[in-house]
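If you read the protein sequences in the order shown, they are chains P and S.
Heads up, the first sequence is in our numbering, so the first residue is 135 and it goes up one at a time.
Heads up, the second sequence is in our numbering, so the first residue is 17 and it goes up one at a time.
Inspection log for the structure reproduced underneath, given as structure tokens.
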Amino acid sequence: GNSVTQMEGPVTLSEEAFLTINCTYTATGYPSLFWYVQYPGEGLQLLLKATKADDKGSNKGFEATYRKETTSFHLEKGSVQVSDSAVYFCALTGGYQKVTFGIGTKLQVIP
Amino acid sequence: DTGVSQNPRHKITKRGQNVTFRCDPISEHNRLYWYRQTLGQGPEFLTYFQNEAQLEKSRLLSDRFSAERPKGSFSTLEIQRTEQGDSAMYLCASSFVGGGGDIQYFGAGTRLSVL
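Dropping the structure here:
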């Protein structure tokens, strides 16, 4: 079956630091890949997506590239802000199907 | 469009009681999903509907759980004879199949605490 493995947190960074959250996946076929973000007290929000190999998803300064050869979809941001503090979930779907999520990585950005 | 709406936001109940949650999807979304999220974990799939038909149920969905989407719009998730292990955040998501995308939009969830 499908599965997603992401680095466990918490990750604590100073403001303006570089962020990487690693994510690898196991899936049959050609899944779509996602990063969702969950701010405290709020629901899951789609941060970015990529639907095929070598696609780069980007939003709000965050980026992730669909790497089929390494089955990875690492999340990066060049300069984090305090407002980026949240839990980040890597996820995949096989197309019009249920989403399989990773465990989530809590990010805390300190001023 | 106000997004996916879930009610109530919080529910506290005693073990053995029945509870029901409601989800209102984004208008005209034909797929509706239920997930469960426990503390420190990612959401896990429970079941989903296309219009009013329930197409898949996870093995996590025991006989005490039942979900309906009677008119293909809102959905309810009922848990009978609640147990402490049912304490979790229950998330609803909706999507539109046929538009070329597969993005699920999530509600804020219903947090259930079973005492």
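Just so it is clear, CB atoms sit at the ideal spot from N, CA and C, and this is done for glycine as well.
Q. Hey, does residue 176/P have any beta-carbon neighbour from chain S nearer than 8 Å?
A. Residue numbering aside, residue 176/P sits at position 42 when the first sequence is read from its first letter. Chain S has a Cβ within less than 8 Å of the Cβ of residue 176/P.
Q) Taking DSSP as the reference, what is the three-state secondary structure of residue 100/S? A) Start at 1 with the first residue of the second sequence, and residue 100/S comes out as number 84. In the structure shown, residue 100/S adopts helical secondary structure according to DSSP, grouped into three states.
Q: Flag this pair as touching only if the segment 32-48 of chain S and the segment 159-171 of chain P have three or more C-beta atom pairs under 8 Å; answer yes or no.
A: Touching, no.
Q | Reference residue 27/S; option with closest CA among 112/S, 110/S and 104/S | A | Residue mapping note: residue 27/S aligns to position 11 of the second sequence, counting from 1. Here the closest residue by C-alpha is 104/S.
Q) Which chain P residues sit within Cβ distance under 7 Å of residue 41/S? A) Along the second sequence, one-based indexing puts residue 41/S at 25. Neighbours of residue 41/S on chain P: none; closest Cβ ~13 Å, over 7 Å.
(Q) For residue 73/S, tell me which candidate among 119/S, 114/S and 51/S has the shortest Cα-Cα distance. (A) Here the question's residue 73/S lines up with position 57 in the second sequence. For residue 73/S, the closest C-alpha among the options 119/S, 114/S and 51/S is that of 51/S.
Q) So does the segment 43-63 of chain S actually touch the segment 97-112 of chain S, counting three or more Cβ pairs closer than 8 Å? A) Yes, the segment 43-63 of chain S is in contact with the segment 97-112 of chain S.
Q: For residue 28/S, decide whether its Cβ has a neighbour in chain P, counting only Cβ atoms nearer than 8 Å.
A: For this step, residue 28/S is matched to residue 12 along the second sequence. No, no contact with chain P.
Q: State whether the segment 195-208 of chain P contacts the segment 146-161 of chain P, with contact taken as three or more CB pairs (one from each stretch) at a distance under 8 Å.
A: Contact holds: three or more Cβ-Cβ distances are below 8 Å.
Q. Near residue 252/P, which residues of its chain fall below 7 Å by C-beta distance, leaving aside the five closest residues on each side in sequence?
A. What the structure shows of chain P is the stretch from 135 to 245, and residue 252/P is not part of that stretch, so it cannot be assessed.
Q: Consult DSSP for residue 166/P and reduce its assignment to one of helix, strand or coil.
A: Here residue 166/P corresponds to residue number 32 of the first sequence, with the count starting at 1. Of the three classes helix, strand and coil, the one that applies to residue 166/P here is strand, per DSSP.
Q. Along chain S, which residues have their Cβ under 7 Å away from the Cβ of residue 223/P?
A. As a working mapping, residue 223/P is identified with position 89 in the first sequence. The contacting residues are 58.
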